[in-house]
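Residue numbering for the sequence shown follows this note's numbering, beginning at 10 and increasing consecutively. Note that the Cβ used here is the ideal one computed from N, Cα and C, for glycine as well. Below: one structure, written as structure tokens.
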Amino acid sequence: MTRKRALSKHARALLAALLEAGDVWSHGYELTLVTGIQSGTLYPLLIRLEAKGFLRAEWQQPVTGGRPPRHAYRLTAAGEKLARAEALADVGAGAATGWRAREAT
């Protein structure tokens, strides 16, 4: 029997950032700035999501000379589906929490 684990808050934040980026390729450093996830957590997460087929990764040559190529990432169709499902789950949880908070006041 295969066990399905819930996504971590970092994975959900990363998927949300990539979903918002759409078809635009995102670099790791840029994702650390947008999500606040430290590189020691971000890069292993990117590798795992790519291995599971949720991300595409490619090496991109620098625009200016003297810089090394960089890895860039974007969601696959499966990754976009997962990101949208997680976003809906987060919105539902937030809406319920917000409603309870309003009722308590």
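Q | Residue range of the alpha helix (DSSP H) that includes residue 40 | A | If you number the sequence shown from 1, residue 40 lands on position 31. Here the alpha helix (DSSP H) through residue 40 covers 37-44.
Q) Shortest alpha-carbon distance to residue 119 belongs to which of 61, 83, 70 and 40? A) An answer regarding residue 119 cannot be provided, because it is not within the stretch 10 to 114 covered by the chain.
Q | Spatially closest choice to residue 69 from 19, 34 and 49, by CA coordinates | A | In the sequence shown, the residue the question calls residue 69 occupies position 60. Nearest option by C-alpha distance: 34.
Q: Along the beta strand (DSSP E) that carries residue 64, what are the first and last residues, could you check?
A: Taking the first residue of the sequence shown as 1, we reach residue 64 at position 55. 64-69 is the extent of the beta strand (DSSP E) around residue 64.
Q: Check residue 16 in the structure and name its three-state DSSP category.
A: Taking the first residue of the sequence shown as position 1, residue 16 is located at position 7. The DSSP-derived three-state label of residue 16 is coil.
Q) Quick one: is residue 44 buried, meaning 16 or more other Cβ sit within 10 Å of its Cβ, or exposed? A) Reading the sequence shown from its first residue, position 35 is the one you call residue 44. Looking at its Cβ environment, which holds 16 or more other Cβ atoms inside 10 Å, residue 44 is buried.
**Q.** Other residues of its chain near residue 29: CB distance less than 7 angstroms, five sequence neighbours each side excluded
**A.** For the purposes of this step, residue 29 is taken as residue 20 along the sequence shown, with counting starting at 1. Correct list: empty, nothing qualifies.
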